[in-house]
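So for the sequence shown, the UniProt record's numbering puts the first residue at 1; every next one is plus one.
Ideal placement from N, C-alpha and C gives every residue a C-beta, glycine not left out.
Just so it is clear, the structure is predicted and the values come from calculations on it, not from any experiment.
Below you'll find the structure, written out as structure tokens, and then a few comments.
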Amino acid sequence: MSEQTLEVAIVGAGCAGAYTAWRLAKSGKYAPGTVKVFDFLKIDNQAHVGGRLLSKEMPGLGYTRKAELGGMRFLTSQKILVGVLEELGLEHVPFDVDSNHNLYDMRSKVMKATKVAREAKDVYDLSPPERDMSPGELLLWAVETVVPHAPFLDSEGWLEAKKNIKFDGRNLYDTGFWNLLQRVLSSEGYDYVLTGQGYNTIPSNWNAADAIEWMFEDFGPNVSYRYVHKGFQTVPKTLLEKAVEGGVVFEENRKLKRWEKNGDGTVTMTFENTDSGEEIRIKAKKMVLAMPRRALELVDMPKDNEMDTFYNELLPAVEPQPMFKFFLGYDLPWWRSLGISFGRTITDNPLRQIYYWGVNDQKFFKTAPEKTGNVKNLPANGVIMIYLDGRDVSFWQPLFELISIYKKTLNIKDEKHFGLMEFSVDEVKAKVKEKVRSLKLELDAAEKKYEAVKDFGAEGEDAMMLTETGILFARAKRNFEKVLSGESSVDQLIGTISELMRSAHGLQFIPDPYAISYADWTVDPFGGAYNLWKPGFRSWEVTQEMIKPFGNVDAYVVGEAYSLKQGWVEGAFETSEQMLEKYFSL
Numbered sequence: 001m002s003e004q005t006l007e008v009a010i011v012g013a014g015c016a017g018a019y020t021a022w023r024l025a026k027s028g029k030y031a032p033g034t035v036k037v038f039d040f041l042k043i044d045n046q047a048h049v050g051g052r053l054l055s056k057e058m059p060g061l062g063y064t065r066k067a068e069l070g071g072m073r074f075l076t077s078q079k080i081l082v083g084v085l086e087e088l089g090l091e092h093v094p095f096d097v098d099s100n101h102n103l104y105d106m107r108s109k110v111m112k113a114t115k116v117a118r119e120a121k122d123v124y125d126l127s128p129p130e131r132d133m134s135p136g137e138l139l140l141w142a143v144e145t146v147v148p149h150a151p152f153l154d155s156e157g158w159l160e161a162k163k164n165i166k167f168d169g170r171n172l173y174d175t176g177f178w179n180l181l182q183r184v185l186s187s188e189g190y191d192y193v194l195t196g197q198g199y200n201t202i203p204s205n206w207n208a209a210d211a212i213e214w215m216f217e218d219f220g221p222n223v224s225y226r227y228v229h230k231g232f233q234t235v236p237k238t239l240l241e242k243a244v245e246g247g248v249v250f251e252e253n254r255k256l257k258r259w260e261k262n263g264d265g266t267v268t269m270t271f272e273n274t275d276s277g278e279e280i281r282i283k284a285k286k287m288v289l290a291m292p293r294r295a296l297e298l299v300d301m302p303k304d305n306e307m308d309t310f311y312n313e314l315l316p317a318v319e320p321q322p323m324f325k326f327f328l329g330y331d332l333p334w335w336r337s338l339g340i341s342f343g344r345t346i347t348d349n350p351l352r353q354i355y356y357w358g359v360n361d362q363k364f365f366k367t368a369p370e371k372t373g374n375v376k377n378l379p380a381n382g383v384i385m386i387y388l389d390g391r392d393v394s395f396w397q398p399l400f401e402l403i404s405i406y407k408k409t410l411n412i413k414d415e416k417h418f419g420l421m422e423f424s425v426d427e428v429k430a431k432v433k434e435k436v437r438s439l440k441l442e443l444d445a446a447e448k449k450y451e452a453v454k455d456f457g458a459e460g461e462d463a464m465m466l467t468e469t470g471i472l473f474a475r476a477k478r479n480f481e482k483v484l485s486g487e488s489s490v491d492q493l494i495g496t497i498s499e500l501m502r503s504a505h506g507l508q509f510i511p512d513p514y515a516i517s518y519a520d521w522t523v524d525p526f527g528g529a530y531n532l533w534k535p536g537f538r539s540w541e542v543t544q545e546m547i548k549p550f551g552n553v554d555a556y557v558v559g560e561a562y563s564l565k566q567g568w569v570e571g572a573f574e575t576s577e578q579m580l581e582k583y584f585s586l
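Now the structure itself:
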């Protein structure tokens, strides 16, 4: 057991933790080694920095954008992040979401994006005021009937609206967004919006006051999205690198198990060394928990009266949201036959949002090695991103989990702390084919030996031999069946993806992908990809109280979860900046 005292302990090397460390290092107020960042997450046996940002290269796709398995874009209106990018010198480029050639696949009808507003009434029984609008336009129209002039409100105007506007005599912040939409839209209109804007969680029953502001800030008509050229994860990684250069220490393999208050106003944290299992106690004058709700719930905290507000009024104020992404590598950009080169298609099948992420011949990166991930970077190799949330996550989880069960048999690697997996379909199938061949020979030999012994009866040593050969035969049979089941799990996943992809595009044939990479953010310690405010909570108050929620002790909570920009890196930066200015005098 070792103990040391720090000026500041930051738990979590995600966006909020990295930003906090960087700002403290820049301030010059702390001696080297007195500020430390702790985290335990690893990918490919390397410390993971970035939290719910994860930028990875796909096999054979070295000229395309990196696969963004977590957050992937930002808004030009997000001033803190834009300022950070400028200061760090990180290039960013436009992130295109929609194209006139993109498709809507709803209720077995595939429609061009340019025609969906006119043709939607053929598949949805929309009321007259709901017609001739795209799903996004109808959603914004619905919320503008509740908050007039919403597109023109600034941050102060939104705050007043959230505080004072009532709907059917009830405070807007006490109303669920789905409940509100069902009063404004017909049932068919709501289904059209739910399906057509691509997300299940956004039109769900979260806090209507926050949802309406979120709609216009994030999905309004003049919104401009950007993408970090080298991958979004380079932002927190660069911030932490700069912090370390400035004297901050980053300690890997440190999982916070519990923390307790001390009589002198400090806190003592107990970490588990995730490599050795050893417990390490660290004392700090200030503690920053840069963690979302689920991660906070996994930590043993004090239970005194001073903590009641935290447990009863602050921690439950948000709900983690399930979200799932997977990227598919193809050796042919088949979507170009439909005139599609970028943007997304939206479907009501479990694929939901299909992003045409890029093709090598578009050369998002001007140079690349001959191979990426042991696969040649051929010009025609392209990649698609599947982006889904809410109930559709539960459709895909069993398919990927089944492969995880047979990962050793299939020689597929997944990550200990993440719902992550990446594999080459062709490579797996080739290895399985070879295993089937060799195990079939082994099985036939074991069966032949067993049958030969069995035919002679079994007494004394012969009985022992019969038992041994029977065990060997049973083991060979079990191993053979396990490989067949593993092969079947891959075939089932690929077959399901290709079938749904054909349906969404109205095509008879689509080639199978040659590579798959996926992330499920519902796993611990995240609990979800992002968080949303629950009805009944005044977000503008909770977000401030949550920054310093534990009474007199100098312990803080920052991150996207309890911010007013949930789902965005800006939310993590914003809460961190508010904490630093108010409590660290930066």
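Item                                                                                                                                                                          : Value
Do P129 and V193 have their beta-carbon atoms positioned less than 8 Å apart in this structure?                                                                               : no
State buried or exposed for H149, treating a residue as buried only when at least 16 other CB atoms are found within 10 Å of its CB.                                          : exposed
Taking the continuous beta strand (DSSP E) assigned at V37, which residues delimit it?                                                                                        : V35 to F38
Throw me the rounded Cβ distance for the A113 and S99 pair, which I believe falls under 8 Å.                                                                                  : 7 Å
Start and end of the beta strand (DSSP E) containing P135?                                                                                                                    : No beta strand (DSSP E) holds P135; the alpha helix (DSSP H) holding it covers P135 to V146.
Is the Cβ-Cβ distance between M340 and N102 less than 8 Å?                                                                                                                    : One detail in the question is off: residue 340 reads as Ile in this sequence, not Met. Contact: yes.
Alpha helix (DSSP H) containing I405: first to last residue?                                                                                                                  : V393 to I405
So I202 is in the alpha helix (DSSP H); what residue range does that whole segment cover?                                                                                     : It is not in any alpha helix (DSSP H) - I202 carries neither H nor E in the DSSP assignment.
So what's L256 in DSSP terms, helix, strand or just coil?                                                                                                                     : strand
Do you know offhand how far E560's Cα is from E442's?                                                                                                                         : 55 Å
When you compare only the Cα positions, how much space is there between E306 and E577?                                                                                        : 25 Å
Which of the three DSSP states is assigned to V8 in this structure?                                                                                                           : strand
Can you list, in chain order, the residues of its chain whose CB lies under 7 Å from that of Q397, leaving out five sequence neighbours each side?                            : D520
Kindly indicate which three-state DSSP category N100 falls into: helix, strand or coil?                                                                                       : coil
DSSP three-state call for A458: helix, strand or coil?                                                                                                                        : A caution first: A458 carries a pLDDT of 49, below 50, which makes its placement in the model unreliable, though a value can still be read off. Of the three classes helix, strand and coil, the one that applies to A458 here is coil, per DSSP.
Residues in its own chain within less than 7 Å of D426 by CB, not counting five upstream and five downstream?                                                                 : Y514
Anyone know if the C-beta pair for N360 and L61 falls short of 8 Å?                                                                                                           : yes
Whole angstroms are fine: how far does the CA of V143 sit from the CA of L159?                                                                                                : 16 Å
When we look at the beta-carbon of G28 and count the other beta-carbons within 10 Å, is it buried (16 or more) or exposed?                                                    : exposed
Identify which residue in L564, E7, G33 and R65 has its Cα closest to the Cα of N381.                                                                                         : R65
For R183 and L81, what's the separation of their Cα atoms in angstroms?                                                                                                       : 37 Å
Look at N205 and F177 and say whether their C-beta atoms are less than 8 Å apart.                                                                                             : yes
Can you tell me where the beta strand (DSSP E) with G419 in it begins and where it stops?                                                                                     : G419 to S424
What whole-angstrom Cβ distance do residue 587 and N349 have, given they're in contact under 8 Å?                                                                             : Outside the displayed range of the chain (1 to 586) lies residue 587, so it cannot be described from this structure.
Taking only the alpha-carbon atoms, compute the straight-line gap between M465 and E447 and give it to the nearest angstrom.                                                  : Because the pLDDT of M465 is 49, which lies under 50, any placement of that residue in the model is unreliable, and the number read from its coordinates should be weighed accordingly. So the two alpha carbons sit approximately 13 Å from each other.
By alpha-carbon positions, which one of D414, E451 and Q544 ends up nearest to Y518?                                                                                          : D414
Label A31 either buried or exposed according to how many other C-beta atoms from any shown protein chain fall within 10 Å of its C-beta, with 16 as the threshold for buried. : exposed
Given a threshold of 16 other Cβ atoms within 10 Å of its Cβ, counted over all protein chains shown, does A161 qualify as buried or as exposed?                               : buried
Figure out for me which residue from G506, I516, G567 and Q508 has the closest Cα to the Cα of W533.                                                                          : G567
Only counting runs of 4 or more residues, tell me where the alpha helix (DSSP H) segments fall wholly within the region 221 to 247, in order along the chain.                 : 234 to 245
Can you grab the Cα-Cα spacing for the pair G536 / G390, in whole Å?                                                                                                          : 21 Å
Pairing CB atoms from the region 542 to 562 with CB atoms from the region 309 to 328, are three or more of them under 8 Å?                                                    : yes
Does the Cβ-Cβ distance between E481 and V432 come in under 8 Å?                                                                                                              : no
Using the beta-carbon count (16 or more within 10 Å), is G17 buried or exposed?                                                                                               : buried
Let me confirm a value: F509 is counted as buried when at least 16 other C-beta atoms fall within 10 Å, else exposed. Which label applies?                                    : exposed
What runs of the alpha helix (DSSP H), each 4 residues or longer, lie entirely inside the region 263 to 318?                                                                  : 293 to 297
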